[in-house]
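These notes concern the structure reproduced below.
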Amino acid sequence: MIPAAFDYEVAESTDHAVQLLGEHGDDAKLLAGGHSLLPLMKLRLARPSVLIDIGGLSDLAYIKDAGDHVEIGALTRMCDIAASDLLRRHCGLIAEAAGQVGDPQVRHRATIGGSLAHGDPASDPPVALLTVDAELVVRGPGGERTVPASGFFTNFFETALGPQDLLTSVRVPKLAAGTGWSYQKFHRRAIDWAIVGVAALVERDDGTVKRAAVGLTNMATTPLRSAGVESALAGRPASAEAFAEAAAHAPEGTNPPSDTNASAEYRTALSSILVRRALEAAVA
Ligand SMILES: Cc1cc2nc3c(=O)[nH]c(=O)nc-3n(C[C@H](O)[C@H](O)[C@H](O)COP(=O)(O)OP(=O)(O)OC[C@H]3O[C@@H](n4cnc5c(N)ncnc54)[C@H](O)[C@@H]3O)c2cc1C
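In my numbering, the protein residues as written are 8 to 291.
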């Protein structure tokens, strides 16, 4: 459980971090909270030759009102996101998902940027951000660009980030008044990753579903939106019957893993149950 030898650099600013990534090439890795990268290094599943520590970039640790959205700096810890009144007021789903990550010790180290960049389909915050159509702000050698969450997760532990890119912030749209939300996470012990998780948003107009968004955790090689459930709900009454019928579409387009926690068949059955629960909780 001892990592391979590596060099260590401390980034003094965002630009410095990008510069160091350029200098050290593809073998360098950014170090944020270290709660995903260091375990991989100890297992020798990752062997970066250089770690670039961005943990001290306090100007990337913030949650601020930016008009039509809330902006979260990439170095913001899960515990601060979970406790944010601003997020609870305008997009409580993100605070809720962050509050279900690991345990308090993990939440005090893990950052939102690290969670997204790691690209683990079993992680909770990425699915919540995909469900609310968040935008990710990336700084690279060519300057700054934004990437929609829908285009960010490209494959198993792979994202749209290039080897010299630094994720700097996440833009979370404020939800329309009256939009209900829920995050349902099924796991054996409080500290565990989701066997399956479901994020749901339901916007209603006079008892009818105006817009529904549903995201699935650990049901494919990337975080996933459930197009089948979303289209089955559009224009339907926000009723238990409609939710149950729509939830039957949850397995469509999924490719769940089988592992020591659950088989793919178990996850498939669970996804429909959790989607129904999430929809009902969103309008409760
Ligand atoms: C015991 C335990 C339980 C956990 N349980 C859960 C859980 O239930 N749910 C869950 O969602 N997660 C869980 N996690 C994962 C935890 O949330 C991760 O630590 C987090 O997702 C990664 O954030 P980090 O800041 O630690 O990133 P790091 O480990 O520092 O980095 C992870 C990866 O992201 C890259 N990176 C980091 N920041 C940036 C950036 N700003 N720009 C570009 N690349 C960057 C790094 O180079 C590295 O490749 C758990 C972790 C542990 C150890």
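For glycine and all other residues, C-beta sits at the position ideal for the given N, C-alpha and C.
In whole angstroms, give me the CA-to-CA distance for residue i and residue j.
{"i": "SER265", "j": "ALA271", "result": "5 Å"}
{"i": "HIS42", "j": "ARG243", "result": "42 Å"}
{"i": "GLU30", "j": "ALA285", "result": "46 Å"}
{"i": "MET226", "j": "LEU82", "result": "27 Å"}
{"i": "ASP34", "j": "ARG283", "result": "44 Å"}
{"i": "SER279", "j": "LEU64", "result": "41 Å"}
{"i": "PRO132", "j": "ALA201", "result": "11 Å"}
{"i": "GLY150", "j": "ALA12", "result": "32 Å"}
{"i": "PRO55", "j": "PRO10", "result": "10 Å"}
{"i": "ASP3", "j": "THR267", "result": "Residue 3 cannot be examined here, being either before or after the span of the chain that is shown, 8 to 291."}
{"i": "LEU38", "j": "ILE70", "result": "21 Å"}
{"i": "ASP72", "j": "GLU78", "result": "6 Å"}
Since I believe residue j is in contact with residue i (beta carbons under 8 Å), could you give me their beta-carbon distance rounded to a whole number of angstroms?
{"i": "GLU142", "j": "ARG96", "result": "Between ARG96 and GLU142 the Cβ distance is about 20 Å, and since that is not below 8 Å, they are no contact."}
{"i": "VAL3", "j": "ARG146", "result": "This structure cannot settle anything about residue 3, because the visible part of the chain is limited to 8 through 291."}
{"i": "ALA289", "j": "LEU208", "result": "7 Å"}
{"i": "LEU281", "j": "THR261", "result": "Actually they are not in contact, since the Cβ atoms of LEU281 and THR261 sit about 12 Å apart, beyond 8 Å."}
{"i": "CYS98", "j": "LYS181", "result": "6 Å"}
{"i": "THR175", "j": "VAL216", "result": "Not confirmed; about 35 Å, so no contact."}
Taking buried to mean at least 16 other C-beta atoms within 10 Å of its own C-beta, is residue i buried or exposed?
{"i": "MET85", "result": "buried"}
{"i": "SER130", "result": "buried"}
{"i": "GLU165", "result": "exposed"}
{"i": "PRO155", "result": "exposed"}
{"i": "ARG51", "result": "exposed"}
{"i": "MET48", "result": "buried"}
{"i": "PRO258", "result": "buried"}
{"i": "PRO46", "result": "exposed"}
{"i": "ALA18", "result": "buried"}
{"i": "GLY120", "result": "buried"}
Any chance the region 190 to 208 sits against the region 131 to 146, with 3 or more Cβ pairs inside 8 Å?
-> Result yes; three or more Cβ-Cβ pairs closer than 8 Å.
Validate contact between the region 231 to 240 and the region 252 to 267 using beta carbons, cut 8 Å, 3 pairs | These segments touch.
Please confirm if the region 119 to 133 is in contact with the region 166 to 173, defined as three or more CB-CB distances below 8 Å between the two stretches.
-> Because the criterion of three Cβ pairs below 8 Å is met, the region 119 to 133 and the region 166 to 173 touch.
Curious, which full-length alpha helix (DSSP H) runs of at least 4 residues does the region 123 to 178 contain?
-> The qualifying runs are 131 to 138.
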